[in-house]
Ligand code: IVH
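In the working numbering, the protein residues as written are 70 to 734.
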């Protein structure tokens, strides 16, 4: 078999397995086997980039960095929908439809109104060719690389008798579970929380690194088919066919023959919608027949054949009894509202998050106020406004504390940041315990068998005041503790020992530098290779790492400037943790670059930085992180660091382009 045939065969096989998995819930192979085939395909594609197919499943894992998204004109404008809020408005809509159709019979399809961002996917000869945002309805951004990471969007359609070109539209969304996990992770690293899943989805789809998008496991419900050829006569037919073709059509739609049936659909989903994997804010009522849709046509902004009905968001007014302040792992202070318990959407609400001091001012909150509380897709309900009608004259102002409620240290608030935080990293109890919890979590050092209560006890007994202390734990220390039996002691010590094999990127995440999440840690680990290079890196060098902005770079520099952190790292080193990145095993391609050294700066047309690094190493070359007199080449891409270029010139290092490099090969 030629490499091209092999690539074709693997691409088809993996796409088919994906279809079976998402469409029919059938796993024909194990996850392990699937990943093995994917790696095999990726390897073939690396060696024969000319044969990579547009519908290659390797695009699902992302990796494309888009500098700017191309603006694309929609073939059919992306309109919005008129809104209704009550049965009367709906009856008016129905009346307009009835009149417009001159008394003919008609049916509606009712769907849920998904709260995400509208996406348009173009297919050409059965292959997904573009994924575009709604934009202003006339033009949107081409975010194909990001759309391809959505596993429920087929990259290729096998169906017969489909037009050469067609388009599907749907709502791209971040599943609520992903949203909650992402916010938990952001809280953990001291990042501002994302306001809601819709904003999170819209921000994610506009990210430049599709690899990060892939990690967020976005999804999309398809609700529309468009093409120049008319192949369906009803919306119902199109939905059934789309589902059959492998699109993710939410199975919540229903055909309604009367307004009574529409109202029943609305009632049925009023509460049930909270069990869906995403937020919904209403329903959409669409005329079923395409011929009848044509008769009704459009207004300037929206179709006359469809309308949305918005649910009233359930909101209750309750007393704000007090505000308490929680201290997070990175010292972030979060105000929490203590409310008079009240029933909301089936659960009793006692607390609501207030995010930060600005929010107290924005809402004009006072202790003793009655406040409106609403539940969105988030776990914790939020205060939407003050019930001013119930405000009495004399209410206590909310004084944001000036000192830490846990350790009494003066709080700081950096310019431009909304959050106050306690700087007493090594002495503030919740910060210390939080750091240990962060360190042992699955994505970091993965030391299971140590739970929150054990950390609490270790801390109270003075056994562990810093994650590095875990590596000094001895059997005899643990034997003295209440409730610790031989088995649990063994498990803890074994977990600690095993953590010494955890890869560097996870260790780097685990050490808990403010703003350094798992993804950023991975990027730093790959770019700088080991902890010493990172600790020595200047602000400018850190800014060279893809996706690393000023705030993260500054935080990294500040972290390594502190003597106590240097000591902490030295202890981890002494304990034998992995503090060097073990790159994936490189498949050697040749020896053309043997003995030659390279530094990479900027971004490139044909390569991701990591791929370029791998290419150099696969051909016998070596990649260095800094410029010195011994260096042979600086490969400068677009936006290469000016100081690197200057230094290379001064030291007579050859500065070459990406093309020069390819010629060398
Ligand atoms: S149909 C001509 N169906 O609502 C409009 N839209 O206000 C065709 N949306 O931009 C849209 N769920 O982002 C349709 N089941 C659904 C929907 C839905 C959510 C969003 C969509 C659209 C906006 C219109």
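Virtual Cβ for every residue (Gly too), placed ideally from N, Cα, C.
It is roughly 34 Å from the alpha-carbon of residue 166 to the alpha-carbon of residue 210. In this structure, the beta-carbon distance from residue 602 to residue 694 falls below 9 Å.
When the five nearest sequence neighbours on each side are left out, the beta carbons in the same chain lying within less than 8 Å of the beta carbon of residue 159 are those of 153, 328, 331, 332, 354, 376, 378, in order along the chain. In the DSSP assignment, residue 213 falls within the alpha helix (DSSP H) that extends over 213–216. Looking at 659, 441, 297, 283, the one whose alpha-carbon comes closest to that of residue 129 is 283. Considering only 155, 324, 233, the residue with the shortest C-alpha distance to residue 299 is 233.
Only buried fits residue 425, as 16 or more other CB atoms lie within 10 angstroms of its CB. In its chain, beyond the 5 residues on either side, 315 have a beta carbon closer than 6 Å to the beta carbon of residue 92.
Within the segment 626–686, complete beta strand (DSSP E) segments of at least 3 residues are found at 666–670, given in chain order. Residue 632 has its Cβ no nearer than 8 Å to any heavy atom of ligand 1.
Between the alpha carbons of residue 452 and residue 358 lies a gap of roughly 43 Å. Residue nearest to residue 244 within the set 229, 717, 257, 184 is 184 (criterion: CA-CA distance). Separation of residue 628 and residue 683 (C-alpha to C-alpha, rounded to the nearest whole angstrom) is 30 Å. For the 9 Å CB-CB criterion, residue 274 and residue 389 do not form a contact. Residue nearest to residue 409 within the set 437, 574, 713, 267 is 437 (criterion: CA-CA distance). Straight across, the Cα-Cα distance linking residue 583 with residue 621 is about 8 Å. In terms of Cα proximity to residue 517, the closest of 484, 557, 639, 528 is 557. The alpha-carbon separation between residue 414 and residue 455 amounts to approximately 19 Å. Taking C-alpha positions only, residue 204 is separated from residue 311 by approximately 24 Å. Sequence-distant partners of residue 247 (beyond 5 residues in either direction) whose C-beta falls short of 7 Å from its own C-beta, in its chain, are 285, 286. Relative to residue 124, the option among 85, 141, 95 whose CA is nearest is 85.
Of all alpha-carbon atoms in 70, 102, 135, 391, the one lying nearest the alpha-carbon of residue 675 is that of 135. If you draw a 10 Å sphere on the C-beta of residue 552, you find fewer than 16 other C-beta atoms in it, and that means exposed. A Cβ-Cβ distance of about 7 Å is found for the pair residue 224 and residue 196, placing them in contact under the 8 Å criterion. Relative to ligand 1, even the nearest heavy atom lies 8 Å or more away from the CB of residue 530.
Ranked by Cα distance from residue 527, the first of 503, 511, 318, 514 is 503. For the set 665, 651, 579, the Cα lying nearest the Cα of residue 536 is the one of 579. Counted as a single uninterrupted DSSP element, the beta strand (DSSP E) harbouring residue 404 occupies residues 402–413. Contact between residue 673 and residue 727 holds: their C-beta atoms lie close to 5 Å from each other, under 8 Å. DSSP places residue 338 inside the alpha helix (DSSP H), whose first and last residues are 328–341. Between residue 734 and residue 720, the C-beta spacing is not below 9 Å. Within its own chain, the residues whose Cβ lies closer than 8 Å to the Cβ of residue 471, once the five positions on either side in sequence are excluded, are 479, 480, listed in chain order. Annotation for residue 565: 516, 539, 540, 542 place their beta carbon closer than 8 Å to its own, counting only its chain and skipping 5 residues before and after.
In the structure shown, residue 320 falls within a coil segment according to DSSP collapsed to helix, strand and coil.
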